Amino acid sequence: MGLLRRYYLWLVLAAIVLFATLPIPAFWVAQLNYIGLFALTCLGLVLLTGVAGLTSFGQAAFVGIGAYTTAWCALNLGWPPTLTLLLGVTLTGFSAWVIGRITLRLSGHYLPLATIAWGLSLYYLMGNLEALGKYDGLIGLNSLTLFGHEIGQGQGFFMVSWGLLWVATVALTFLLNSRPGRAIRSLKEGRQMAEAMGVDTFGYKVTIFVIAAVLASVAGWLMAYYQRAVNPSAFGLKWGIEYLFMVVVGGAGSLWGAWLGAGVVRVLDEQLQTWLPQLLGMSGSFESIIFGVMLVLMLKYRPDGLWSWVQQGIGKTERVCNWDDAKALAQRPKPAVGDVVLDVQKISKNFGGLVAVNGISFQVRAGQIVGLIGPNGAGKSTTFNLITGTLPLSSGEVYFGGQPVHGLHARDIAKRGLMRTFQHVKMIPEMSVLDNVAIGAHARSQGEVFGAILRRNRGEEKSIMAEAERQLKRVGLGDWMHEQAANLPMGQQRLMEIARALCADPTLLLLDEPAAGLRYLEKQELIHVLRQLQSEGMSILLVEHDMDLVMDVCESIVVMEFGTYLTQGRPDQVQADPKVRAAYLGTEH
Amino acid sequence: MDITIAGMLAVDGLTNGAIYALLGLATVMVFVVTRVIFIPQGEFVAFGALTLAMFIDHKVPGTVWLLLIMAFAVALQEGIGVLRSGATVKQFLKCTVKPLLIPVITAGFSIWLAPYDLPMWSMVSLSLALVTAMGPLLYRLAYQSLESATPLVLLIVSVGVHFALTGLALLFFGPEGFRNPAFWDERLQIGAVPINGQAVIIFVTALLFILALWYFFGNTLFGKALRATAVNRNGARLMGISTHTAGQLTFTLAAFIGALSGLLIGPTTTILYDSGFLIGLKGFVAAVIAGLASYPGALVVALGVGLVEAFSAFWASAFKEVIVFALILPALWLRSRHVTDDEEEH
Chain A
1163 MGLLRRYYLW
1173 LVLAAIVLFA
1183 TLPIPAFWVA
1193 QLNYIGLFAL
1203 TCLGLVLLTG
1213 VAGLTSFGQA
1223 AFVGIGAYTT
1233 AWCALNLGWP
1243 PTLTLLLGVT
1253 LTGFSAWVIG
1263 RITLRLSGHY
1273 LPLATIAWGL
1283 SLYYLMGNLE
1293 ALGKYDGLIG
1303 LNSLTLFGHE
1313 IGQGQGFFMV
1323 SWGLLWVATV
1333 ALTFLLNSRP
1343 GRAIRSLKEG
1353 RQMAEAMGVD
1363 TFGYKVTIFV
1373 IAAVLASVAG
1383 WLMAYYQRAV
1393 NPSAFGLKWG
1403 IEYLFMVVVG
1413 GAGSLWGAWL
1423 GAGVVRVLDE
1433 QLQTWLPQLL
1443 GMSGSFESII
1453 FGVMLVLMLK
1463 YRPDGLWSWV
1473 QQGIGKTERV
1483 CNWDDAKALA
1493 QRPKPAVGDV
1503 VLDVQKISKN
1513 FGGLVAVNGI
1523 SFQVRAGQIV
1533 GLIGPNGAGK
1543 STTFNLITGT
1553 LPLSSGEVYF
1563 GGQPVHGLHA
1573 RDIAKRGLMR
1583 TFQHVKMIPE
1593 MSVLDNVAIG
1603 AHARSQGEVF
1613 GAILRRNRGE
1623 EKSIMAEAER
1633 QLKRVGLGDW
1643 MHEQAANLPM
1653 GQQRLMEIAR
1663 ALCADPTLLL
1673 LDEPAAGLRY
1683 LEKQELIHVL
1693 RQLQSEGMSI
1703 LLVEHDMDLV
1713 MDVCESIVVM
1723 EFGTYLTQGR
1733 PDQVQADPKV
1743 RAAYLGTEH
Chain B
7 MDITIAGMLA
17 VDGLTNGAIY
27 ALLGLATVMV
37 FVVTRVIFIP
47 QGEFVAFGAL
57 TLAMFIDHKV
67 PGTVWLLLIM
77 AFAVALQEGI
87 GVLRSGATVK
97 QFLKCTVKPL
107 LIPVITAGFS
117 IWLAPYDLPM
127 WSMVSLSLAL
137 VTAMGPLLYR
147 LAYQSLESAT
157 PLVLLIVSVG
167 VHFALTGLAL
177 LFFGPEGFRN
187 PAFWDERLQI
197 GAVPINGQAV
207 IIFVTALLFI
217 LALWYFFGNT
227 LFGKALRATA
237 VNRNGARLMG
247 ISTHTAGQLT
257 FTLAAFIGAL
267 SGLLIGPTTT
277 ILYDSGFLIG
287 LKGFVAAVIA
297 GLASYPGALV
307 VALGVGLVEA
317 FSAFWASAFK
327 EVIVFALILP
337 ALWLRSRHVT
347 DDEEEH
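Residue numbers (my numbering), protein chains in the order written: chain A, 1163 to 1751; chain B, 7 to 352.
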């Protein structure tokens, strides 16, 4: 069984080859061919919808660009399939890039909205251009011929289309299990965490949108040769919606959901189109009623799609630990104990008329744990967000390691070695603890999309995994490595966030209420970890409400009240300070 | 192009623009209160126009059956829910009969009155009542249990609802198109520009309704409750405003606006079972360009969309839809240049 799991990709390929040679009735070969084409388009949608939390209704339009480019060039210029593929993919990729650049900076629902409008306008464009044969489309293409072999419309075509589907699935599997893949998965949980790990979220969004479009374009290329004709009806918004339907039915969370969804929907579509008009005594596309209702019911009762049932049966495979011989990732030079690491000078933040933070200054020295405390609403979290670049400063300056970092992007500040955790744990719940921690190493590694697809990243991946394991052991989570992150108790999730930050080899750690919601023993464990980090020379800035913990671990404490600086000193000094007592407990009148 | 043609095109564009404005307002309203991007808004337009066409033909409109199906589905859904929580017979009856009440009465009246020669106002009222009653039912069937889902999931649900409603419209209205008689076929003349009575009616009704909406949101308790829900759902809930009620109310209004737009546009163009979608989407384009947040913004952009459509129909009629829908891309591009970090976080 273990072997079966390891080599399942090869097994799938073997099954495809077997099917291509078995005597299968022509009707089913045709069905399978369409399923292959649809699944290819759906793969990109899984990447967008299930993995990254974006979605597009414009996939059909991208299929259309691929198909029309192919048909037009083959008919008018006599281009061979290799050239038409190249041009189709280039055109599609470019249009996706433009649309992505325009819409992906806006909040999540603008991309689907823009793709609806774009899909509609492209449909009417294809249907009205004289050169593209208006609504009749283009007809009379030859069958697909590759390297001198005519592929035809039968099982040869099955071999080619499913072969490509297999290649695309394998490529995306490799991609998702890599540095850029983890960055792509982190997009779904909002951009704050990803950016704090040094991930260029906008860049990755555009990239996967282009990848999805290119896959659709390849499907369009195949479709043009398979049908030997193209017309706008297969590329309208109705089909854009139907592709999304396949993905929701199959399961947006897994690449295999695209295969399953395309298969189920195609077969269902075929059956409903025959039976419904007979049943209702009227001709028309009544299957849309069933599909529409099914889509709503799926989202209500089975949002993870049909594949989740299969997944439950199979179970998850544990990652094989193969990184004993890995090269260590490069480390940044560390400041000597006692040097000023963080220098905050008179920073302020106004939200309209409200001054949330007013002229706060303090320093953190290497090897120090500094606590930032204050009653609720004192502006501690805002101060944190200002230092890390999550919020833009209204005024003031921040120096990190002697360099000014005010005005920089959160991502760039993170790359300089200032790492943070979050008040509400931000993680990718369906990924393993190890993979979650590995995101922390994003800024320390270079592997990009193409390298991941071609598996040229294996060395670096091993180094990243080795580092992630090392940091997990450092915070005492070594035994939880392969667990799904969502299954960890709260205390462990917070430690996991610390390990993720450590994975970036930081000079300074910013911990935002790490003890919130922890039980007594979990707190003791946290204190132990913090002490140990300090003994290893780490500098830490801590925002915390838990006075026991703060007084216990901090060497120096900064107290804030109503956005202003109150005092700074050793724990015993701060505890004795009447101003601090007044801030927390009120004054006698 | 001379001034007369330009004037005619402008009148034409603004008349359609007024309808897009109504639909755009409905889209913005539904989005801010429920976070649902309501793609099927246009379906109500077709339902409104076709229902009236059926009444004019002395037929029982298909909306009657659709309304009854939806009402019984809601009753079933509520009944099962109540039974599962182990309720008494009395509670069970209360929960199942309540959603049936208005739909069954409206449907009953429609079936009874359809064969007679009715005055226009009563056919219009019946059509509005039939379609409006679908609004809250649709919300309960498709959206209510998903209230806390992400806008993305709600959007996909909307697309599913659109698919289902288009198919059902074909089933209940058939494939033929209808063009309703004008409510007022007076021809007026302003300077060199001729204006027909229907355009005046569309304009005045849209304007009155927008004013009424403004009054509703600004000065009535229900309107204020909806606004509160739009600003902060949890806060509103703590103040005793039910998000269920808010959602149902919003969908009632949206269905009413859709039906009204359908009645208004019915005499100016042929309506088929699926024409509503494109009409609704143009209101939708206006709402999206205005950022799905601003009512006056949606109003102004909708009038602009109407004008662009009218003038592009004159210069490049085949590409009129291409131009209108492609408009959204440069508009979003402009918007994304002014995006702040807060807006991106979602």
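C-beta atoms are modelled at their ideal positions from N, C-alpha and C, and glycine is treated no differently. These numbers come from a predicted model, not from an experiment.
Chain A residues whose Cβ lies nearer than 7 Å to that of residue i
i, result
"residue 341 (chain B)", "1268"
"residue 167 (chain B)", "1454, 1458"
"residue 172 (chain B)", "1450"
"residue 291 (chain B)", "1279"
"residue 294 (chain B)", "1275"
Residues bridged to residue i [DSSP beta-bridge criterion]
i, result
"residue 1505 (chain A)", "A:1525, A:1561"
"residue 1701 (chain A)", "A:1670"
"residue 1510 (chain A)", "A:1557"
"residue 1730 (chain A)", "A:1720"
"residue 1391 (chain A)", "A:1301"
"residue 1312 (chain A)", "A:1307"
"residue 200 (chain B)", "B:195"
Proximal chain B residues relative to residue i, where beta-carbon distance stays under 7 Å
i, result
"residue 1271 (chain A)", "43, 157, 158, 161"
"residue 1264 (chain A)", "335, 338, 339, 342"
"residue 1403 (chain A)", "165, 169"
Buried versus exposed, by CB contacts within 10 Å (16 or more), residue i
i, result
"residue 1671 (chain A)", "buried"
"residue 107 (chain B)", "exposed"
"residue 1522 (chain A)", "buried"
"residue 1723 (chain A)", "buried"
"residue 1656 (chain A)", "buried"
"residue 5 (chain B)", "A question about residue 5 (chain B) goes unanswered here, because the residues of chain B that appear run from 7 up to 352."
"residue 1573 (chain A)", "buried"
"residue 1667 (chain A)", "buried"
"residue 196 (chain B)", "exposed"
"residue 126 (chain B)", "exposed"
"residue 1652 (chain A)", "exposed"
"residue 1568 (chain A)", "buried"
"residue 1597 (chain A)", "buried"
"residue 1564 (chain A)", "exposed"
"residue 1383 (chain A)", "buried"
"residue 1218 (chain A)", "buried"
"residue 1287 (chain A)", "buried"
"residue 1483 (chain A)", "exposed"
"residue 244 (chain B)", "exposed"
Anticipated Cβ contact below 8 Å, residue i with residue j, distance rounded
i, j, result
"residue 1533 (chain A)", "residue 1704 (chain A)", "5 Å"
"residue 50 (chain B)", "residue 265 (chain B)", "5 Å"
"residue 17 (chain B)", "residue 201 (chain B)", "6 Å"
"residue 36 (chain B)", "residue 260 (chain B)", "5 Å"
"residue 1353 (chain A)", "residue 1363 (chain A)", "4 Å"
Cβ-heavy atom distance, residue i to the ligand GTP, below 7 Å
i, result
"residue 1383 (chain A)", "Judged by which ligands are present, the structure shown has none, so any question about the ligand GTP falls away."
Partners in chain B for residue i, counting only beta-carbon separations shorter than 9 Å
i, result
"residue 1512 (chain A)", "The premise fails here: residue 1512 (chain A) is roughly 14 Å from chain B at the closest Cβ pair, so nothing lies under 9 Å."
Contacts of residue i in chain B (Cβ-Cβ under 8 Å)
i, result
"residue 1461 (chain A)", "152, 155, 159, 162, 163, 166"
"residue 1261 (chain A)", "335"
Within chain A, partners of residue i - CB distance below 9 Å
i, result
"residue 177 (chain B)", "1442, 1444, 1446, 1448, 1451"
Chain A residues whose Cβ lies nearer than 8 Å to that of residue i
i, result
"residue 148 (chain B)", "1458"
Positions along the segment 1272-1289 of chain A whose CB lies within less than 9 Å of some CB in chain B: Going along the segment 1272-1289 of chain A in chain order, one finds 1272, 1274, 1275, 1276, 1278, 1279, 1280, 1281, 1282, 1283, 1284, 1285, 1286, 1287, 1289 with a Cβ nearer than 9 Å to chain B.
The segment 1213-1235 of chain A: positions lying closer than 9 Å to chain B by Cβ: Cβ contacts with chain B: 1215, 1216, 1217, 1219.
Contact set between the segment 1434-1448 of chain A and chain B, restricted to residues whose Cβ is under 8 Å from the partner: The segment 1434-1448 of chain A vs chain B, Cβ under 8 Å: 1442, 1444, 1446, 1447, 1448.
Residues within the segment 22-55 of chain B neighbouring chain A, beta-carbon criterion of under 7 Å: Under the 7 Å Cβ criterion, the segment 22-55 of chain B contributes 43.
Proximal residues, the segment 304-335 of chain B versus chain A, C-beta separation under 7 Å: Answer in chain order: 324, 325, 327, 328, 331, 332, 334, 335.
Chain B contacts made by the segment 1380-1410 of chain A, where a contact means CB separation under 7 Å: Answer set for the segment 1380-1410 of chain A: 1403, 1406, 1410.
Near-chain A residues of the segment 181-208 of chain B - C-beta to any C-beta below 8 Å: Contacts with chain A (Cβ-Cβ distance below 8 Å) from the segment 181-208 of chain B involve 181, listed in chain order.
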